[in-house]
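A.B. asks: Protein chains in written order, with our numbering: chain Y, 2 to 325; chain X, 12 to 257.
Yeah, the Cβ is synthetic: ideal placement off N, Cα and C, and Gly gets one too.
Please read all numbers here as calculations on a predicted model, not as lab measurements.
First the structure, which I've put down as C-alpha cells, then a few questions once you've had a look.
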Amino acid sequence: MIAGILSLIGAAVCLVLGLVFPWMKVPIIVGLSYGLAALGVAVLMRAGQVSFGHAMYSCVAGYTVAFLSRAYPALDGLLLVLAGIVAALVAGAIIGLFVVRYREIFFGMLNLALSMVLYSVLGKFYEITGGTDGLRLERPPFAGLRLDRPGYETALLVTALLASLALGTLVQRYFGSAAGEALAGIKTNETRLEYLGMSARRILWNGYMISAGLCGLAGALVVLLQGLVTPELGYWVRSGEFVFIAILGGSAHALGAFIGAVVFQVIQLVGTMLLAGTWKMLLGATLIIVILVAPTGITGVLPIKRWSRSRERKLSLQPVTGKS
Amino acid sequence: MELVRTENLCLAFGGIVVADNINFSLQEGERLAVIGANGAGKTTFINIVTGYLRARSGRIFFSGTDVTKMPPRGIVHLGLGRSFQLPQLFLQHTVRQCLELAAVGRIGSLPLLKSLSASVDQSEIDHTLEVTGLAARGEEMASALGEGERKLLDIAMALVLRPKLLIMDEPTSGVASEEKHEIMATIMSALAERKVTSWFVEHDVDVVTRHATRVAAWISGRIAADGKPEQVFADPEIRRQVLGTH
C-alpha cells in the first residue's frame, strides 16, 4: 500500500517535472527505461542469477522498432513498442532455453557472450543494420495522432510512466506469487524444488522471459525517443549499468529498480557536472559503498521492505486468525 | 501392493561399486529401516531410486511404472516423497512458505500473479504444521530453526506432497539422542495418520527396533540381510560388520 502510494507520488512528480521543465522529459524517459530494464535484471537476481548481457534484449526490441518503422512509416508508436516487446520475448524464449541450463558465473558470462555476438553482427552487417552508425527512424504517429516534438515526448513520458506503474505493480505481485516464490527458491535450494515436483529450469525460463520483455520495452522506448538505434544499445557496458541499477535498488521490491535508476541518473548528472571525464569514479565509489553498507540494495534497508513483508505476513495469517 | 522394485541395479564410481546388482522390493504399508556402515551405499541407492543418480544398468519401478530414466520431479508426481540427510529447505522463506511451495509443487501449477498463500489450502498447511510439531514456528524463517526442527520441516515438505512412499535419509542424524525418539515418534505418527509407507536410513538400533517392521542391511553396495528386525539383528555377520558388536 505504502509502496503503491510512493510509486504514484513518484510518477506524479515525474509528470509535473516533465511538463514544467520540458528539457527534463528526455532524462526522465531514459531513467524510466533504465528502471524497467533493471527491473528485468532484478527478476533474475531473485533467483540468484546475474545477467551481464540483458541489454541485448533492449537492442533486439530497438532494431525491431527501427526496421518496422522504416518499412511502415505510418505504423503507430504504441504498436512499435508492442512489436519490440514481442521480439524481445521471442528472443528471450529461444536464448532462455539454452542459458537457463547454467548458473551463476556461467549464466552471467553466457548472456554477456551472446550480447557481444549480437553487438558484433549488428556492427558488421552494414547494408542491413547501418553498422555502427545504426538506423534512423522518423517520428511515428502516436496513439493515432501526428504529434510535434514536445507533444511526442509528452506522449512517450506518459506511456513510460503508465508502463512503469503497471509493470512495477505486476512484477511485485509476481514476486509474491507461487511462481515468484519458486523463482526465489532457485537461489536457496534448486534440489528441493525438483523434489517438490517442480522444474527449476522451467521456472527460471519463465523469469527469463519476463526479464527479456522488460528490457525489450526499455529498448523500444529509448529508440522511439531518440529516433535512432545503434549497436551501442546492446553493448556490455549498458548491461552492466542495468546490473548496477538493480544492485543499487535491490531486488526486495519492484520499486527498487526505479529508485536505483533515479540514483543512477542523479549520480550521472552530478558527476558529469562536477567531475567531468572521471564521473564514473563516482559510480564505482557508490557501488562499493552500497555493497559494503547495504548489500541487499536500497530496498533492503528502507522500511519499504518491512512494509511489504508485514503486509504479506498479515495476508498469509488471515486464514489462521479468521478461525479464532 | 508393490511400491518399489529394482531389477539388477548396478552403479560404480570409478572402481568402487556402490550398487552391486540390487534386486529389491518394497510393499505398501511397510516401514523399512536401512542400516549399514558409512559408505555402504545406502544413500546412493536412495539417490538412484529417486532419480538423482542414473544406474549403469538395471531397472527401477515405482508403483508399477518404469522410472529408470525419469527425473526426480516425474517420480515425485507418481507419489514418492523424500527427505535428506542434510535438510533441503528454502532458508530465505518462512516455515509456512516452505510448505506452501510444497503444496503448489503437488498441484503442479504455478500462478504468475496469485499470491503463494492464496494458491494453496491453508487448512492443509496448518494441519501439517500441527502434526509435525512445527505449528509454533510457522511464521519464522526456515534458517532460524534448530537441527531437529529442520529435519521435521524437510519431512513436512515431503508430506505435503501426499506421497505413497516417503524415503527419509537419516531423519535423526545430528539430533541429540534424547530428541531422537521424540522426533521419530512425531514423524511416524504423521505417517501413520496419512497411511504413508516409509523407508528410512538409520544408525540407531533402538530407533530401528522401535519403529521398523522390516530391516535391510547394506554392506559394500549390496543387501547383506533383509527381514524382520529381530532376524536381521540376530545375524552374527550383520552384528559384526554393520553394528560393530559380537
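Could you tell me the distance, in whole angstroms, from the CA atom of Glu313 of chain Y to the CA atom of Ile198 of chain X?
C.D. replies: Note that Glu313 of chain Y scores a pLDDT of 47, beneath 50, so its modelled location is shaky; the value from the coordinates is reported in the next line. Their backbone Cα atoms lie some 30 Å apart in a straight line.
A.B. asks: Quick check on Arg93 of chain X - is its C-beta less than 8 Å from some C-beta in chain Y?
C.D. replies: yes
A.B. asks: In chain order, what residues of the same chain lie with their CB nearer than 7 Å to the CB of Val29 of chain X, ignoring the 5 residues before and after it?
C.D. replies: Leu22, Ala23, Gly52, Thr55, Gly232
A.B. asks: With a CB to CB cut of under 6 Å and the five nearest residues on each side skipped, what residues in its chain are close to Ile204 of chain Y?
C.D. replies: Ala183, Leu184
A.B. asks: Under 8 Å, CB to CB, which of the residues in the segment 185 to 206 of chain Y have a partner in chain X?
C.D. replies: Ala185, Gly186, Lys188, Thr189, Asn190, Thr192, Arg193, Leu194, Glu195, Tyr196, Leu197, Gly198, Met199, Ser200, Ile204
A.B. asks: Taking His214 of chain X as the reference, which of X:Ala203, X:Gly119, X:Ala201, X:Trp229 has the closest Cα?
C.D. replies: X:Trp229
A.B. asks: Please state whether DSSP places Ser317 of chain Y in a helix, a strand or coil.
C.D. replies: Model confidence at Ser317 of chain Y stands at a pLDDT of 40, short of 50, so the residue's coordinates are unreliable; what they give is reported in the following sentence. It is helical.
A.B. asks: Give me the DSSP bridge partner(s) of Ile106 of chain Y.
C.D. replies: As DSSP reads the structure, Ile106 of chain Y sits in no beta bridge.
A.B. asks: So, using beta-carbon positions, are Leu123 of chain Y and Pro296 of chain Y closer together than 8 Å?
C.D. replies: no
A.B. asks: Below 9 Å on C-beta distance, what does Leu171 of chain Y contact in chain X?
C.D. replies: Leu123, Leu124
A.B. asks: In terms of alpha-carbon separation, which member of Y:Leu256, Y:Phe245, Y:Gly257 lies closest to Ala286 of chain Y?
C.D. replies: Y:Phe245
A.B. asks: What would DSSP say about Asp149 of chain Y, mapped onto helix, strand or coil?
C.D. replies: coil
A.B. asks: Just verifying my parser: in three-state terms, what is the DSSP assignment at Met81 of chain X?
C.D. replies: coil
A.B. asks: If you follow the alpha helix (DSSP H) that Gln96 of chain X is in, where does it begin and where does it stop?
C.D. replies: Looking at the DSSP string, Gln96 of chain X is not in any alpha helix (DSSP H), and its letter there is neither H nor E.
A.B. asks: Report back the beta-carbon spacing between Ala247 of chain Y and Ala255 of chain Y to the nearest angstrom; my notes put them in contact at under 8 Å.
C.D. replies: A Cβ-Cβ separation of about 11 Å leaves Ala247 of chain Y out of contact with Ala255 of chain Y under the 8 Å criterion.
A.B. asks: Between the Cα of Ser126 of chain X and those of X:Ile136, X:Thr143, X:Gln108, spot the shortest distance and give me the residue it belongs to.
C.D. replies: X:Gln108
A.B. asks: Alpha carbon to alpha carbon, how far is Asn112 of chain Y from Pro240 of chain X?
C.D. replies: 56 Å
A.B. asks: What residues match up with His13 of chain X in a beta bridge as DSSP calls it?
C.D. replies: According to the sequence as given, residue 13 of chain X is Glu; it is not His. Here Glu13 of chain X is bridged, per DSSP, to X:Gln38.
A.B. asks: Under the DSSP definition of a beta bridge, which residues are partnered with Ile30 of chain Y?
C.D. replies: Paired residues: none, contrary to the question.
A.B. asks: Does the distance from the C-beta atom of Leu40 of chain Y to that of Gly169 of chain Y stay below 8 Å?
C.D. replies: In this structure, Leu40 of chain Y sits near Gly169 of chain Y, with a CB-CB distance shorter than 8 Å.
A.B. asks: Could you pull the DSSP bridge partners for Ile230 of chain X from this structure?
C.D. replies: X:Arg233
A.B. asks: Any C-beta of chain Y sitting closer than 8 Å to the C-beta of Met168 of chain X?
C.D. replies: For Met168 of chain X, a Cβ of chain Y is located within less than 8 Å of the residue's own Cβ.
A.B. asks: Quick check on Arg312 of chain Y: does DSSP put it in helix, strand or coil?
C.D. replies: Because Arg312 of chain Y sits at a pLDDT of 45, beneath the cut-off of 50, its placement in the model cannot be relied upon, and the following sentence gives the value as read from the coordinates. Arg312 of chain Y falls in the helix class under three-state DSSP.
A.B. asks: Work out the CA separation of Lys26 of chain Y and Ala253 of chain Y for me, nearest whole Å.
C.D. replies: 28 Å
A.B. asks: My assumption, with CB atoms under 8 Å, is that Leu284 of chain Y sits in contact with Ser59 of chain Y. Please give the rounded CB distance.
C.D. replies: 19 Å between Cβ atoms; not a contact.
A.B. asks: Using beta-carbon positions only, say whether Arg84 of chain X and Ser178 of chain Y come within less than 8 Å of one another.
C.D. replies: In this structure, Ser178 of chain Y does not lie closer than 8 Å to Arg84 of chain X by Cβ.
A.B. asks: How long is the line joining the alpha carbons of Glu242 of chain Y and Ser52 of chain Y, rounded to whole angstroms?
C.D. replies: 11 Å
A.B. asks: Determine the DSSP secondary structure at Ser200 of chain Y, reduced to helix, strand or coil.
C.D. replies: coil
A.B. asks: Does DSSP put Gly159 of chain X in a helix, a strand or coil?
C.D. replies: In the structure shown, Gly159 of chain X falls within a helical segment according to DSSP collapsed to helix, strand and coil.
A.B. asks: Beta carbon of Ala366 of chain Y, beta carbon of Val66 of chain Y: below 8 Å?
C.D. replies: Absent from the model: residue 366 of chain Y. The displayed extent of chain Y is 2 to 325, so no value can be given.
A.B. asks: Any idea what DSSP makes of Arg225 of chain X, helix, strand or coil?
C.D. replies: strand
A.B. asks: Would you call the CB atoms of Thr10 of chain X and Leu163 of chain X closer than 8 Å?
C.D. replies: The structure shown does not extend to residue 10 of chain X, since chain X is modelled only from 12 through 257, so no value can be given for it.
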